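Novice:
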Amino acid sequence: MPAAAALPVAFTGEVLVPGSPGYDEARAVWNGAVDRRPAYVVRCADPQDVRAAVTVARRLGLPIGVRGGGHSAAGHAVPDGGLMIDLSRMAGVVVDPPARTAQVQGGALLGAMDAATQPFGLATTAGIVSHTGIGGLALGGGVGWLARQLGLLCDNVVGFEVVTAAGELVRASADEHPDLFWALRGGGGNFGVVTRFDVALHDVGTQALSAEVDLRAADGFGALQEWLGGAVDAPRPATFHAEVLAGGPLTLGFVWVGPPDAADPLVARLDALGTPLTRRVEPLSYLDLQRRFDLPTAHGRRRYAKSHLVAELPDAALTAFLAHADAEIGAASLMTYGGAIADVDPAATAFPHRGARFEYDAGAAWDDPADDERHVGTCRALAAGLGPWSTGVYVNAVAESEDAEVRRAYGSSYARLRAVKSQWDPDNVFALNANIPPA
Ligand SMILES: Cc1cc2nc3c(=O)[nH]c(=O)nc-3n(C[C@H](O)[C@H](O)[C@H](O)COP(=O)(O)OP(=O)(O)OC[C@H]3O[C@@H](n4cnc5c(N)ncnc54)[C@H](O)[C@@H]3O)c2cc1C
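Just so we're aligned, residue -6 is where the sequence shown starts under our numbering, counting upward by one.
1. Quick check for students: name the residue ranges of the alpha helix (DSSP H) that lie wholly in the region 344 to 387, counting only runs of 4 or more.
2. Thinking just about the alpha-carbon of each residue, which of F190, D396, A167 and H301 is nearest to the one in R373?
3. Using the C-alpha atoms, what's the distance from T290 back to P276?
4. From the DSSP output, read off the bridge partner residues of H195.
5. Please give me, in chain order, every unbroken run of the alpha helix (DSSP H) with length at least 4 that falls completely inside the region 192 to 257.
6. Looking at C-alpha atoms only, which residue of Q416, P40, F4 and R30 is the closest neighbour of R189?
7. Is the distance from the Cβ of L425 to the Cβ of G58 below 7 Å?
8. Shortest alpha-carbon distance to S203 belongs to which of R284, L132 and N183?
9. Taking all protein chains shown into account, decide if A265 is buried (16 or more other Cβ within 10 angstroms of its Cβ) or exposed.
10. By the 10 Å Cβ neighbour count, where 16 or more other Cβ atoms means buried, how is D107 classified, buried or exposed?
11. Would the beta-carbon of V422 be found less than 6 Å away from any heavy atom of ligand 1?
12. Rounded to a whole number of angstroms, what is the C-alpha to C-alpha distance between I121 and L288?
13. Mind checking which residues open and close the alpha helix (DSSP H) that includes V49?
14. Count the CB pairs spanning the region 161 to 179 and the region 335 to 347 that are closer than 8 Å, and state whether there are at least three.
15. Report the partner residues of L102 according to the DSSP bridge assignment.
16. For the alpha helix (DSSP H) holding E398, just list the boundary residues, first then last.
17. Let me check one thing: in DSSP terms, what residues is S300 bridge-paired to?
18. For the region 237 to 248 against the region 145 to 157, are there 3 or more C-beta pairs whose distance is under 8 Å?
19. Beta-carbon within less than 8 Å of R164's beta-carbon, same chain only, minus the 5 sequence neighbours each way: which residues are those?
20. Report the partner residues of L277 according to the DSSP bridge assignment.
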């Protein structure tokens, strides 16, 4: 029976099949290397549509993929031959300024949340690219420029509205299904389709500052060591970072969210690192900060990234990081954790990596499929250089869906996540993700 016929008459969304106008656009995701063909794309308009889609997929025995922003590099949103629940029509955000909360629909992008909250000087932690989906980001953790001040995005979700594997609509919060509430904050898309996130907002104002210097990578070791040495203990509005580009310079800098003048001492510290090739100190609005990387990270190119969380960066690890400058392709970054991320007990949510001090990412973008092996191989080889210091991997940065990597992502939360999975999704209906097998 075709899915469209099986959907209840009350279904208000749209169903696309191969050949339908818009089908190819609907199945395309951020990583241009992902080329899968769902049997049905079900574009839901409300939670009842999502319930119908889950029920129909189960009845027809189809694998389910859930598409938020489509940013999963592995393409988890797109089930080959299955039923894709496309949440792009459920992308609204409603702000309650006096209550300092927002209701964010499951298919909203970060840009929609920031655009809705910033007119009130409010925000909560989001990622650093505005076309990322709140769905995948929040369920895996959610790290961004506000995380050292406010914690991860998942730390700021106070309630979820979820369609479960049984096709029921339930709420999860500290008081309602607390086990599910725990698992949804770091356990990824394993437990259901989140149709609404209720998030806590904060008075962060609208101002930010970005300060960066470019140094010759070949003689940047001392500056890198000094800069990152002070990163975790820096004031919480600051997130220190470092980047190195194949054949390019070493960039050191920080992002500050708050009144720019208050960052002057850190700008002075950056300037004291030495005479740079170039220097950029730019006050900007928080909204512009959040859109700054949108173009370089646009949808459609072939992508690969490999990541580690690290607690220490001894000299040998810094040398391995700088080795990216001698590579032919790709780039790498280090971003600082700590602050409010580390304030949370590792067992309080399913995101266990509270002791991580830096996230390292090695990535590449290219267009010709013939170059796949070269780019993937180079990223993997260079990332292996940081392997000895890896304490785990952020679930939203898992590159390979192998069991060992997935276990590293869930770390000390893994056993409890399996127990919660058994309770809420014993048949592993939601399997297209960094998958937790039911216990
Ligand atoms: C350019 C770029 C920038 C990024 N920047 C950051 C960053 O700054 N900080 C950070 O923490 N991460 C960042 N990430 C990683 C990002 O958090 C993950 O890729 C995340 O999975 C993206 O979510 P999505 O909804 O866009 O992706 P999708 O591919 O749509 O979904 C990813 C996974 O989440 C599930 N999912 C999505 N929405 C829902 C929902 N409503 N209910 C249930 N399951 C759902 C999907 O089924 C899938 O398994 C970035 C990724 C990219 C590509």
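C-beta atoms are modelled at their ideal positions from N, C-alpha and C, and glycine is treated no differently. Note that this is a predicted model, so its numbers are computed, not measured.
Specialist: Inspection of the coordinates gives the following:
1. When DSSP assignments are scanned along the region 344 to 387, the uninterrupted stretches of alpha helix (DSSP H) that are 4 or more residues long and fall wholly within it turn out to be 365 to 377.
2. Per the Cα distances, H301.
3. For P276 and T290, the gap between their C-alpha atoms comes out near 22 Å.
4. Beta-bridge partners assigned by DSSP to H195: A116.
5. Those alpha helix (DSSP H) runs which fall completely within the region 192 to 257 and span 4+ residues are 214 to 222.
6. Distances from the alpha-carbon of R189 to those of Q416, P40, F4 and R30 put P40 closest.
7. Contact flag set, yes.
8. Ranked by how close their Cα comes to the Cα of S203, the residues R284, L132 and N183 have R284 in first place.
9. Per the 10 Å Cβ criterion, exposed.
10. D107 is buried by the Cβ-count criterion.
11. V422 Cβ: outside cutoff for every heavy atom of ligand 1.
12. Cα-Cα distance, rounded: 12 Å.
13. Residues P40 to L53.
14. Counting Cβ pairs under 8 Å, three or more are found: they touch.
15. Looking at the DSSP output, L102 shares a beta bridge with G126.
16. In this chain, the alpha helix (DSSP H) harbouring E398 covers D396 to Y403.
17. Answer is D354, bridged to S300.
18. Under the Cβ criterion (8 Å, minimum of three pairs), the region 237 to 248 does not count as touching the region 145 to 157.
19. Within the same chain, R164 has close Cβ partners G152, F153, E154, V155 and H170.
20. DSSP, once it has assigned bridges, lists A201 as partnering L277.
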